[in-house]
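First the structure, in the form of structure tokens, and then the observations on it.
Number of protein chains: 2
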Amino acid sequence: MNFDQADAINQAIRRLSLWHRARVGELLAPLGLHPGQEALLLELARSGPMIQAALSTALGCEPPSVTQMSRKLEASGHVLRRPARGDKRASVVELTDSGTALVEQLRRLWRGLAEETVAGVAEPSVAGLPELLNTLASNVRRADRPGAQ
Amino acid sequence: MNFDQADAINQAIRRLSLWHRARVGELLAPLGLHPGQEALLLELARSGPMIQAALSTALGCEPPSVTQMSRKLEASGHVLRRPARGDKRASVVELTDSGTALVEQLRRLWRGLAEETVAGVAEPSVAGLPELLNTLASNVRRADRPGAQ
DNA sequence: TAGAGTTAGTTATGCGGATAACATTATCCG
DNA sequence: CGGATAATGTTATCCGCATAACTAACTCTA
Numbered sequence: 001m002n003f004d005q006a007d008a009i010n011q012a013i014r015r016l017s018l019w020h021r022a023r024v025g026e027l028l029a030p031l032g033l034h035p036g037q038e039a040l041l042l043e044l045a046r047s048g049p050m051i052q053a054a055l056s057t058a059l060g061c062e063p064p065s066v067t068q069m070s071r072k073l074e075a076s077g078h079v080l081r082r083p084a085r086g087d088k089r090a091s092v093v094e095l096t097d098s099g100t101a102l103v104e105q106l107r108r109l110w111r112g113l114a115e116e117t118v119a120g121v122a123e124p125s126v127a128g129l130p131e132l133l134n135t136l137a138s139n140v141r142r143a144d145r146p147g148a149q
Numbered sequence: 001m002n003f004d005q006a007d008a009i010n011q012a013i014r015r016l017s018l019w020h021r022a023r024v025g026e027l028l029a030p031l032g033l034h035p036g037q038e039a040l041l042l043e044l045a046r047s048g049p050m051i052q053a054a055l056s057t058a059l060g061c062e063p064p065s066v067t068q069m070s071r072k073l074e075a076s077g078h079v080l081r082r083p084a085r086g087d088k089r090a091s092v093v094e095l096t097d098s099g100t101a102l103v104e105q106l107r108r109l110w111r112g113l114a115e116e117t118v119a120g121v122a123e124p125s126v127a128g129l130p131e132l133l134n135t136l137a138s139n140v141r142r143a144d145r146p147g148a149q
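One line per chain: the protein sequences are A and B, in this order. Residue 118 in the UniProt record's numbering is what sits at position 118 of the first sequence, and the numbering runs on without skipping anything. Residue 16 in the UniProt record's numbering is what sits at position 16 of the second sequence, and the numbering runs on without skipping anything.
Printed below as a string of structure tokens:
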């Protein structure tokens with residue numbers, strides 16, 4: 001692969017990252033949320049109450065990020081943190097009623113965003129998009145590379 | 001589009017963003033650079049010395065980000081900032097010799113990253129990848145949406 | 001030409017996310 | 001059992017990037 005091709009790919013990924021996140025931020029602002037927090041709330045809605053370590057894995061980010069985000073969502077009342085029974089190290093995070101209500105709005109917003117994102121892309125490509133993007137993501141994921149711990 | 005499809009797309013984009021950036025960070029660390037800075041250096045290598053406002057547009061990020069990044073790259077000696085002749089408001093940013101040398105290493109690294117990223121993706125898909133990703137990016141780009149200023 | 005409006009850049013502040021260093025608790029095994 | 005090792009979570013610190021608020025300079029037009 002020559003430099004121009006490589007650059008086109010890397011730049012496109014960068015642009016998509018930046019602008020998708022910015023758009024998420026715009027859509028989330030009226031709900032009082034910041035980008036990233038929606039992922040945590042949606043994960044809790046999907047999987048129910050869970051330990052922060054599990055959240056860290058599910059969200060694909062590091063434990064300190066989870067600590068901060070869950071603290072802030074706790075401060076805004078959308079999430080509740082309590083000691084895990086059976087493991088004095090762990091904290092269980094779960095949705096409050098307020099958080100559950102927010103998730104409902106999030107779901108609508110999330111669908112609108114996805115539709116907006118794939119506008120003008122042929123249907124077959126759209127169907128294969130998650131798999132394609134996840135392949136790219138896995139390829140650059142640290143834990144999937146030899147030598148990672 | 002139902003929620004699960006939408007979620008698959010949005011989540012995949014999030015993961016790709018996170019992990020691609022993390023991987024860039026890993027590769028850049030030995031050069032003493034942080035993710036984002038490579039984009040600025042490569043843009044200067046592509047287009048030559050330019051005003052910060054042009055950099056802001058080219059990089060797809062906001063002016064304060066450009067101010068900070070160019071200041072830090074100036075501090076590390078890879079970039080030089082000087083007043084623009086003909087416009088007392090503007091600053092021209094250009095590569096130093098050190099920056100030019102870095103860009104050479106960046107190019108190699110950039111190619112390796114792109115190859116790593118598209119591993120296991122069929123050739124026709126790879127060829128169309130930049131266009132596909134740029135379509136997605138444009139779709140969520142603020143400036144391309146009605147009502148943006 | 002004078003004032004309105006626009007554009008370039010900066011500072012301040014806040015968030016997500018990362019790493020490094022650390023304390024605490026679990027677990028595994030000799 | 002008890003000590004080494006692993007896992008959970010926290011704090012501190014750093015960076016990119018964002019918005020808001022501001023200054024200074026350019027441009028356009030009445």
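Where a beta carbon is used, it is the ideal one built from N, C-alpha and C, also for glycine.
Using CA coordinates, which residue listed in the options is at the minimum distance from residue i?
i, options, result
"GLN5 of chain A", "B:ASN134, B:ARG141, B:THR135, B:ALA127", "B:ALA127"
"GLU38 of chain B", "B:ILE9, B:ASN10, B:MET50, B:SER70", "B:SER70"
"PRO35 of chain B", "B:ALA90, B:TRP19, B:MET50", "B:TRP19"
"ASP7 of chain A", "B:THR135, B:ASN10, B:LEU109, B:SER17", "B:LEU109"
"VAL24 of chain B", "B:GLY112, B:ALA122, B:ALA119", "B:GLY112"
"ALA75 of chain B", "B:GLY120, B:GLY32, B:ALA12", "B:GLY32"
"ALA84 of chain B", "B:ALA58, B:GLU62, B:THR67, B:PRO49", "B:PRO49"
"GLU43 of chain B", "B:ALA29, B:LEU59, B:ARG107, B:PRO30", "B:LEU59"
"residue 150 of chain B", "B:GLU116, B:LEU129, B:GLN105", "Since the first and last residues shown for chain B are 1 and 149, residue 150 of chain B lies out of range."
"ALA90 of chain B", "B:PRO63, B:LYS72, B:VAL118", "B:PRO63"
"ILE9 of chain A", "B:ALA122, B:GLU123, B:VAL118", "B:VAL118"
"GLU116 of chain A", "B:THR135, B:GLU116, B:GLU123", "B:THR135"
Is it buried or exposed, residue i, if we count other Cβ atoms within 10 angstroms and call 16 or more buried?
i, result
"SER47 of chain A", "exposed"
"residue 170 of chain A", "Nothing about residue 170 of chain A can be read from this structure; chain A reaches only from 1 to 149."
"GLN52 of chain A", "buried"
"GLY147 of chain A", "Because GLY147 of chain A sits at a pLDDT of 47, beneath the cut-off of 50, its placement in the model cannot be relied upon, and the following sentence gives the value as read from the coordinates. That one is exposed."
"GLN11 of chain B", "buried"
"ALA114 of chain B", "buried"
"LEU133 of chain B", "buried"
Rounding to the nearest angstrom, what Cα-Cα distance links residue i and residue j in this structure?
i, j, result
"ALA137 of chain A", "VAL140 of chain B", "20 Å"
"PRO54 of chain B", "LEU41 of chain A", "Looking at the sequence provided, one finds Ala at residue 54 of chain B rather than Pro. About 38 Å."
"ARG15 of chain A", "ASP97 of chain B", "28 Å"
"LEU80 of chain A", "VAL92 of chain A", "8 Å"
"VAL103 of chain A", "ALA45 of chain A", "7 Å"
"GLN149 of chain B", "ARG142 of chain B", "Model confidence at GLN149 of chain B stands at a pLDDT of 37, short of 50, so the residue's coordinates are unreliable; what they give is reported in the following sentence. Taking the straight line joining both Cα atoms gives about 9 Å."
"GLU131 of chain B", "GLY120 of chain A", "12 Å"
"GLN68 of chain B", "GLY86 of chain A", "47 Å"
"SER65 of chain A", "SER56 of chain A", "8 Å"
"MET1 of chain B", "LEU28 of chain A", "20 Å"
"residue 154 of chain A", "ARG21 of chain A", "The question about residue 154 of chain A has no answer here: the residues shown for chain A are numbered 1 through 149."
"LEU95 of chain B", "ARG107 of chain B", "15 Å"
"ARG82 of chain B", "SER125 of chain A", "47 Å"
"ILE13 of chain A", "ALA101 of chain A", "33 Å"
"GLU26 of chain B", "CYS61 of chain A", "15 Å"
For residue i, return the contacting residues in chain B, with the cut-off set at a CB-CB distance below 9 Å.
i, result
"VAL121 of chain A", "LEU132, THR135, LEU136, ASN139"
"residue 151 of chain A", "The shown model of chain A, from 1 to 149, leaves out residue 151 of chain A, and the question about it has no answer."
"GLN68 of chain A", "Within 9 Å Cβ-Cβ: nothing; GLN68 of chain A doesn't reach chain B, min ~15 Å."
"LEU41 of chain A", "Simply none; closest approach about 12 Å."
Which residues of chain B have a Cβ atom closer than 8 Å to the Cβ of residue i, listed in chain order?
i, result
"SER125 of chain A", "LEU132"
"SER17 of chain A", "ILE13, LEU16, SER17, HIS20, ARG21"
"GLU26 of chain A", "ARG142"
Can you pull the chain A residues whose beta carbon is under 7 Å from the beta carbon of residue i, in chain order?
i, result
"GLY86 of chain B", "What GLY86 of chain B touches in chain A: nothing, since even the nearest Cβ is about 30 Å away."
"LEU73 of chain B", "Here the premise fails: no neighbours, minimum Cβ distance about 17 Å."
Quick one: list the residues of chain B neighbouring residue i, beta-carbon separation under 7 Å, in chain order.
i, result
"THR117 of chain A", "ILE9, LEU136, ASN139, VAL140"
"GLY60 of chain A", "ARG15, LEU18, TRP19"
"MET1 of chain A", "ARG111, ALA114, GLU115"
Interface residues of chain A around residue i at Cβ under 8 Å?
i, result
"GLN37 of chain B", "By Cβ distance, chain A contributes nothing, its closest Cβ being about 12 Å from GLN37 of chain B, past 8 Å."
Counting only Cβ pairs nearer than 9 Å, list the residues of chain A close to residue i.
i, result
"GLN52 of chain B", "Residues of chain A passing the Cβ test: none, with the nearest at roughly 17 Å."
"ALA45 of chain B", "Correct list: empty, because the minimum Cβ distance to chain A is about 10 Å."
"ARG107 of chain B", "PHE3, ALA6, ASP7"
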